[in-house]
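**Q**
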Ligand SMILES: [Zn+2]
Ligand SMILES: [Zn+2]
Ligand SMILES: [Zn+2]
Ligand SMILES: [Zn+2]
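Residue numbers (the numbering used here): 611 to 768.
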């Protein structure tokens, strides 16, 4: 009756598994640890199963799996439900500032990085002109644009 027009994309059963045989221990693809591991939902890579050690609201970036999910295009792309490969995804490209896009696509939380990250103009503090690093933080965004913390603080009378 109901025509099921939803066709599941053909999944290839080609699983290249270079298993050398003999229970070689897996290691986290990011930090190399061999403790508790899990596989990333986005790209099926071995990674530390360390989300539990994250202290709520600490904003510490010490969890491999969390870092990959939160601070990479790969993780974002998967979470957002985009189609295809994140490296060629136009949606990802359009949803971030170019600088953030490049950071998310090339930082140390990635298993694979963008081969040809797009060029972008450096982001400068709109008050003092200091170069900001949008990926690492240390800036504020207001109606006047991006500003370094120093200018933000002096503006607040600190
Ligand atoms: Zn790790
Ligand atoms: Zn991934
Ligand atoms: Zn995407
Ligand atoms: Zn400034």
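Cβ atoms here follow ideal geometry from the backbone N, Cα and C, with glycine treated the same way. Just so you know, these numbers come straight off a predicted model, no measurement behind them.
1) Residues with a Cβ closer than 6 Å to any heavy atom of ligand 4, in chain order?
2) For a quick check, are the C-beta atoms of residue 756 and residue 737 less than 7 Å apart?
3) Determine, using beta carbons only, whether residue 692 comes closer than 7 Å to chain D.
4) Measure the Cβ-Cβ separation of residue 678 and residue 719 and say whether it is below 7 Å.
5) Taking the beta strand (DSSP E) that residue 751 falls in, what are its first and last residues?
6) Leaving aside the five residues before and after residue 653 along the sequence, list all residues of the same chain whose C-beta is less than 7 Å from its C-beta, in chain order.
7) Please state the DSSP three-state secondary structure of residue 658.
8) Flag this pair as yes or no: are the beta carbons of residue 673 and residue 657 separated by less than 7 Å?
9) Would residue 695 be called buried (16 or more neighbouring beta carbons within 10 Å of its own) or exposed?
10) Would you mind sorting residue 682 into buried or exposed? The rule is 16 or more other CB atoms within 10 Å of its CB.
11) So what's residue 632 in DSSP terms, helix, strand or just coil?
12) Using the beta-carbon count (16 or more within 10 Å), is residue 766 buried or exposed?
13) Is the distance from the Cβ of residue 724 to the Cβ of residue 680 below 7 Å?
14) Give me, in chain order, the residues of the same chain whose beta-carbon lies closer than 6 Å to that of residue 750; leave out the 5 immediate sequence neighbours on both sides.
15) Are the beta-carbon atoms of residue 745 and residue 713 separated by less than 7 Å?
16) To which residues of the same chain is residue 661 closer than 7 Å at the C-beta, ignoring the five residues directly before and after it?
**A** Result, derived from the coordinates:
1) 735, 737, 738, 740, 757, 758, 760, 761
2) For the purposes of this step, residue 756 is taken as residue 146 along the chain shown, with counting starting at 1. For the purposes of this step, residue 737 is taken as residue 127 along the chain shown, with counting starting at 1. No, these two residues do not count as a Cβ contact at 7 Å.
3) Of the protein chains in this structure there is only one, and it is not chain D.
4) On the chain shown, position 68 is the one that residue 678 refers to. On the chain shown, position 109 is the one that residue 719 refers to. It is a contact, given that the beta carbons lie within the stated cut-off.
5) Within the chain shown, the letter at position 141 stands for residue 751. Note, residue 751: beta strand (DSSP E), 749 to 752.
6) Counted from its first residue, the chain shown places residue 653 at position 43. 684, 721.
7) Residue 658 sits at position 48 when you count from the first residue of the chain shown. The answer is strand: DSSP assigns residue 658 an E or B state.
8) Numbered from its first residue, the chain shown carries residue 673 at position 63. Numbered from its first residue, the chain shown carries residue 657 at position 47. Not closer than 7 Å, so no.
9) Residue mapping note: residue 695 aligns to position 85 of the chain shown, counting from 1. When all chains shown are included, residue 695 counts as exposed.
10) Sequence index remark: in the chain shown, residue 682 carries index 72 (1-based). Answer is buried; the Cβ neighbour count reaches 16.
11) Residue numbering aside, residue 632 sits at position 22 when the chain shown is read from its first letter. With a pLDDT of 45 at residue 632, under the threshold of 50, the predicted position of this residue should be treated as unreliable, and no value is reported.
12) Taking the chain shown and counting its residues from 1, the one referred to as residue 766 is at position 156. With fewer than 16 Cβ atoms within 10 Å of its Cβ, residue 766 is classed as exposed.
13) Residue mapping note: residue 724 aligns to position 114 of the chain shown, counting from 1. Residue mapping note: residue 680 aligns to position 70 of the chain shown, counting from 1. Remark: C-beta atoms of residue 724 and residue 680 do not approach each other more closely than 7 Å.
14) Working through the chain shown from its first residue, we reach residue 750 at position 140. Excluding positions up to five away in sequence, the list reads 757, 762.
15) Within the chain shown, numbered from 1, the residue matching residue 745 stands at position 135. Within the chain shown, numbered from 1, the residue matching residue 713 stands at position 103. Contact flag set, yes.
16) Position 51 of the chain shown, counted from the start, is the residue given in the question as residue 661. Closer than 7 Å at the Cβ level, and outside the excluded window around residue 661, lie 673, 675, 676.
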